[in-house]
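**Q** Residue numbers (numbering that gives the first Met the number 0), protein chains in the order written: chain C, 0 to 306; chain E, 0 to 320; chain S, 0 to 309. Yeah, the Cβ is synthetic: ideal placement off N, Cα and C, and Gly gets one too. Source: prediction; values computed, not measured.
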Amino acid sequence: MGVQTGKNLIEVEGLKKYFNVGKGKVLKAVDNLNFYIREGETLGMVGESGCGKSTAGRTILRLYEPTAGSVRFNGTDIYKLSPGKMKAMRRDMQMIFQDPYASLNPRFTVSDIIGEALDIHNMAGSKGERKKRIEELLDLVGLNTDHATRYPHEFSGGQRQRIGIARALAVNPKFIICDEPISALDVSIQAQVVNLLQELQERLGLTYLFIAHDLSMVKHISDRVAVMYLGKMVELATSEELYSNPVHPYTKSLLSAIPVPDPEVESQRKRILMTAEGGGPIRSADEQTEDTAMVEVSPGHWVATPY
Amino acid sequence: MANENKANKQPLPTLSAADFAPVDINQHESEVIKRESLTAWRDTWERLRSNKIAMGGLVVLVLIVIGAIIGPLIAQWVHGYNYKSNDLSATNQPPSSLHWFGTDDLGRDMFVRTWMGARISLIIGLAAALIDLLIGVIYGGIMGYFGGRVDTIMNKFSEILYAIPYLLVTILLLVVLKPSLGTIILALTITGWINMSWIVRGEIMKLKNREYVLASRSMGAGTGRLLFRHLLPNASGPIIVTLTLSVPNAIFAESFLSFLGLGVQAPISSLGSMVENALTGWMFFPWRMLFPALLISIIMLAFNLLGDGLRDALDPSLKNK
Amino acid sequence: MARYITTKFLYTLLSLFILITATFFLMKAIPGDPFMSEKEVPAPIRARLEAQYGLDKPEIVQYVNYLGNILQGDLGISMKKLNQEVSHIIGQTFGVSLRLGLIAVVVSTIIGVALGLLAALYHRKMIDSVVMVLAVLGIAVPSFVLASLIQYLFGLKLHWFPITGLKDVLGYVLPVAALSAQPIAFIARLTRSSMLEVLHADYIKTAKAKGLKWPAILWKHVIRNGILPVVTYVGPMTANVITGSVVIERIFGIGGIGKVYVDSITNRDYTMIMGITLFYGIILMFARFVTDIVYVLVDPRIKLTSSKEG
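(1) Is the number of C-beta pairs between the segment 249-267 of chain S and the segment 257-266 of chain E that are closer than 8 Å three or more?
(2) Is it true that the CB of Gly56/C sits closer than 8 Å to the CB of Ile210/C?
(3) Taking C-beta pairs closer than 9 Å, name the residues in chain C that Glu45/E reaches, listed in chain order.
(4) Closer than 8 Å by beta-carbon distance: list the chain C residues that pair up with Arg216/E, in chain order.
(5) Check Ala236/C in the structure and name its three-state DSSP category.
(6) Inspect the beta-carbon positions of Leu117/S and Ile126/S and report whether they are closer than 8 Å.
(7) In angstroms, rounded to a whole number, what distance separates the CA positions of Ile4/S and Thr11/S?
(8) Can you tell me where the beta strand (DSSP E) with Asp30/C in it begins and where it stops?
(9) Report yes or no: do three or more beta-carbon pairs, one from the segment 27-36 of chain C and one from the segment 187-199 of chain C, lie closer than 8 Å?
(10) What does Leu13/S reach in chain E if we use C-beta pairs closer than 7 Å?
(11) Going by CA-CA distance only, name the one from Arg107/E, Ala74/E, Asn91/E, Arg48/E that's closest to Pro285/E.
(12) My parser needs the alpha helix (DSSP H) runs of 4 or more residues fully inside the segment 149-210 of chain C; what are they?
(13) Between the alpha carbons of Tyr65/S and Glu58/S, how many angstroms are there, rounded?
(14) What separation, rounded to the nearest whole angstrom, lies between the Cα atoms of Asp167/S and Ile282/S?
(15) Can you find the residues in the same chain that come closer than 7 Å, C-beta to C-beta, to Thr144/C, ignoring five residues on each side of it along the sequence?
(16) Check the Cβ-Cβ distances between Pro141/S and every residue of chain E, and say whether any is below 8 Å.
(17) Could you check whether Gln150/S and Gly243/S sit closer than 8 Å to each other, using their CB atoms as the reference points?
(18) Measuring only between beta-carbons, confirm whether Asp185/C sits less than 8 Å from chain E.
(19) So, Ile152/E versus Trp192/E, is the Cβ gap smaller than 8 Å?
(20) Excluding the five sequence neighbours on either side, which residues of its own chain have a C-beta within less than 6 Å of the C-beta of Leu296/S, listed in chain order?
(21) Taking CB distances under 8 Å as the criterion, tell me whether Ala249/E reaches chain C.
(22) Near Ala186/E, which residues of its chain fall below 6 Å by C-beta distance, leaving aside the five closest residues on each side in sequence?
(23) Considering only residues of the same chain and omitting the five flanking positions on each side of Leu359/E, which have a CB-CB separation below 7 Å?
(24) Taking the DSSP output, what are the residues bridged to Arg71/C?
(25) Starting from the beta carbon of Val61/E, find every residue of chain S whose beta carbon is closer than 7 Å, and list them in chain order.
(26) Within 10 angstroms of its Cβ, does Gly280/E collect 16 or more other Cβ (buried), or is it exposed?
(27) Less than 8 Å between CB atoms is the rule here; does Asp91/C satisfy it with respect to chain E?
(28) So, are the CB atoms of Val106/S and Val172/S less than 8 Å apart?
(29) Taking all protein chains shown into account, do 16 or more other C-beta atoms lie within 10 angstroms of the C-beta of Tyr269/S, making it buried, or fewer, making it exposed?
(30) For Val186/C, is the classification buried or exposed, using 16 other Cβ atoms within 10 angstroms of its Cβ as the cut-off for buried?
(31) From what residue to what residue does the beta strand (DSSP E) around Trp159/S run?
(32) Taking C-beta to C-beta, are Ser268/E and Met115/E nearer than 8 Å?
(33) At what residues does the beta strand (DSSP E) containing Thr41/C begin and finish?
(34) With DSSP as the reference, please indicate the residues paired to Ile76/S in a beta bridge.
(35) With three or more C-beta pairs closer than 8 Å as the rule, is the segment 201-211 of chain S touching the segment 247-255 of chain S?
(36) Show which residues of chain C have a CB atom less than 9 Å away from the CB atom of Glu202/E.
Okay, here's the thing in structure tokens:
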């Protein structure tokens, strides 16, 4: 976990992203998110697939235009930036994607992939400089620098994910959203990638939003963890607090699903099942979903009410 | 269940630390990639090259293009006549050493005229296909890239246009416009681009949500870079196949128009108009029909074989379909 | 479903309307007027002719009249065969073409499906290769080339069939063969690939595993599912047969609507050209409309978006 300065790098306020699904219905993929991330911190974001966590990540980076709300980076609301300013802002905010097979253009070489950002932002003065920078980045993520001229399909999943990380690092970002960066990888490779991410955070002073559905890995890497359910945040606390003292029934249910690596304890483990009330996130456009308020149950431990 | 568990709990053979030795792994060496580096294009080319039938089609096409370029020149050089020179004392001659493919009803040399016809037919086919490509990529690209309401409206428009039969529109246009090389190509492309635009639209829609496109956007890439560096290159496979198969379609359509008297007009001729011209009395002068008919069939065949082979090479999972 | 059919139908009508409008304005765009090609026509006669054809009225009135006439099935009067109504000539000649076309459609479907099925069942065997070669040839060789070839070979040289006309049953053989070649090739390819897909599907293995006899599997599972894509070809096949018939009627000297079409284009008989074009357009668009509907009806996998609600 990184070096924290106590300054808020990211502040998300009232963020909403609705998708039109036709016939006057909208999918409230992200519904009123409020949180901040301190500089150097890792905020974990967990929830089952389809709960809107990836959409939240993409909206925070303005890959999707938000329906409402604001995201401030170092105090600047990025949704108010002009296209030119936004382009410059993208150097500070980057993303590592989930599927290392889909996230690399199959027609690009490794150096094209990593160098693309350098070209977009004119960060390499000459060809030699560009090549040097790419080799530096490959080295940083633990890849063989001879592989710069290779194509993505020649690499393993773990290696591809390293290429994806090098691409994100090319512009010297301060904040990186890791969108389930390990869920598509073999278990044996997952730890390597997570360790690399932690190492890079310490060396480069990065701030992470780490999205995952695997709670044990999130606990390991995160300072604080946010739990999302049907587009809303239901609980937010430090990792220790959340795991030892969950309050929201959904959090309890999620935690109860983690297998325990001890057969005696595991055989005693009881799943807590939760039934979804009030239907899914698809609503008619004008329907008001009840606004949930976050209540601080103990210092730094927030829970959505009612629960 | 409990019994099974007990049965499985057999004592493990005792092992001591001495039984284990570290395996020497050189991390660096294990990551060396031995396979020769192949781009997507090289991969496709290798697969295409191993397909004998498709390569046959390609070779034949290359030969025909060469023939269309130098065939008339050879005859001019050897015998000193061009496609217009007629010898009314030597009409409807069978093939001979002077006229390799015989002569037509006006005593014009069929060898020169057949290759000239091939040249015109190929020009029509290629030009129509390229214009379809240009319009189709722009129109389909806009539909696919922007999506939403723009796509709905543009797509409905193309659907309505597409429902009007292609050849009828072409015929109507050529009845009004005077048939010439230009107007024929124009008439052939007036609705011919729609199919290409749908192919491009489908591909772009599929690709634009790929994570590598999002990654490029997250780095600040603009529309131009996304389209020309990411989307279109990755959509090029189906585009090339469609392009290859639309060339023979245009050549066939032109030959059909020739049958209606709406093909290219004398003195220039396409393969189609030569066949049409040979129709009267060809029972007595079969060579007048034979050579252009043979050549047009070979061209169509070669394009179809090459197109099928390209489709297989670009997407090996479609093989044998 | 009703909504889907209605929407499709409205779109078809819209396309037809565009075609009608196009024919009208293209006719107006023809340089000169319809009587130019005749010998010098004296002014009073010309005026009377123009009045007779309604050409003295403003264009918008002419257009509305044109639309009204078409709705009543009146396609105007031939400009070259005086006092002959276009619709009357179509009615007289269409029967011949229709009979020829229908025979070709039936023949192509039966032979095409049979060949495709054979190729799929004997996948990668001799029969498969032969069928595929024939299919590629059928698609590549233009119908006029094939028609001339078989006319020369079986008509002129071997005297097996008459060279021209549809005078008896034998007279149908060559034109139908020439007309069916391309549809047969397409149908055989379509059938083969879809049958192959079905034959490799898990439910065929299941059927085999549960002990169903092979003929029963073939009929109940393979053919029923494999034949679906052929339905999509109904529209294109109609177009194929119509364009084919224009050429084939000319080569075999058959007095059908295709021959009238060619003649009218040669003579620049504009009302006739527009009338037959519209007539062909209606048939083709209707065929496509039917294809769309039938395809949705036979393939339960295609769920219409509107059916979600009801």
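**A** With the structure as the only source:
(1) Using a C-beta cut-off of 8 Å, the segment 249-267 of chain S makes contact with the segment 257-266 of chain E, since at least three inter-stretch Cβ pairs fall below that distance.
(2) Cβ distance < 8 Å, so Ile210/C and Gly56/C count as in contact.
(3) Correct list: empty, because the minimum Cβ distance to chain C is about 14 Å.
(4) For Arg216/E, the C-beta contacts it makes with chain C under 8 Å involve Leu62, in order along the chain.
(5) Of the three classes helix, strand and coil, the one that applies to Ala236/C here is strand, per DSSP.
(6) Taking the C-beta atoms as reference points, Ile126/S is found nearer than 8 Å to Leu117/S.
(7) Roughly 10 Å between the two C-alpha positions.
(8) Counting along the chain, the beta strand (DSSP E) containing Asp30/C begins and ends at 24-37.
(9) In this structure the segment 27-36 of chain C does not lie against the segment 187-199 of chain C, because fewer than three pairs of beta carbons, one per stretch, are closer than 8 Å.
(10) The answer, in chain order, is Ile159.
(11) Looking at the Cα atoms, Asn91/E is the closest of the given residues.
(12) Fully enclosed alpha helix (DSSP H) runs of 4 or longer: 156-168, 186-203.
(13) Distance between the alpha carbons of Tyr65/S and Glu58/S: 10 Å.
(14) Between the alpha carbons of Asp167/S and Ile282/S lies a gap of roughly 27 Å.
(15) Cβ neighbours of Thr144/C beyond the five flanking positions: Glu134, Leu137, Asp138.
(16) Taking Cβ atoms only, chain E reaches closer than 8 Å to Pro141/S, which makes this a yes.
(17) Contact: no.
(18) It does not: the Cβ of Asp185/C has no partner Cβ on chain E nearer than 8 Å.
(19) Not in contact: Ile152/E and Trp192/E (Cβ atoms no closer than 8 Å).
(20) Around Leu296/S: no qualifying Cβ.
(21) No - not a single Cβ of chain C is within 8 Å of the one on Ala249/E.
(22) Cβ neighbours of Ala186/E beyond the five flanking positions: Thr169, Leu172, Leu173.
(23) Coverage of chain E is limited to positions 0 through 320, which leaves residue 359/E absent and any answer about it impossible.
(24) DSSP lists Glu10/C, Asp76/C as partners of Arg71/C.
(25) Here the premise fails: no neighbours, minimum Cβ distance about 18 Å.
(26) Within a 10 Å sphere around the beta-carbon of Gly280/E sit fewer than 16 other beta-carbons, which makes this residue exposed.
(27) For Asp91/C, not one C-beta of chain E is nearer than 8 Å to its own C-beta.
(28) Taking 8 Å as the Cβ cut-off, Val106/S and Val172/S do not qualify as a contacting pair.
(29) Using a 10 angstroms sphere on the CB of Tyr269/S, the tally of other CB atoms reaches 16 or more, which defines it as buried.
(30) Burial check for Val186/C: the Cβ neighbour count within 10 Å stays below 16, so the residue is exposed.
(31) Trp159/S -> no beta strand (DSSP E), and no H or E assigned at all.
(32) At the C-beta level, Ser268/E and Met115/E come within 8 Å of one another.
(33) Element bounds for Thr41/C: 41-45.
(34) Beta-bridge annotation (DSSP): Ile76/S is paired with Glu84/S.
(35) The answer is no - the segment 201-211 of chain S does not touch the segment 247-255 of chain S, with fewer than three Cβ pairs under 8 Å.
(36) Listed along chain C is no residue with a C-beta nearer than 9 Å to that of Glu202/E; the closest approach is about 14 Å.
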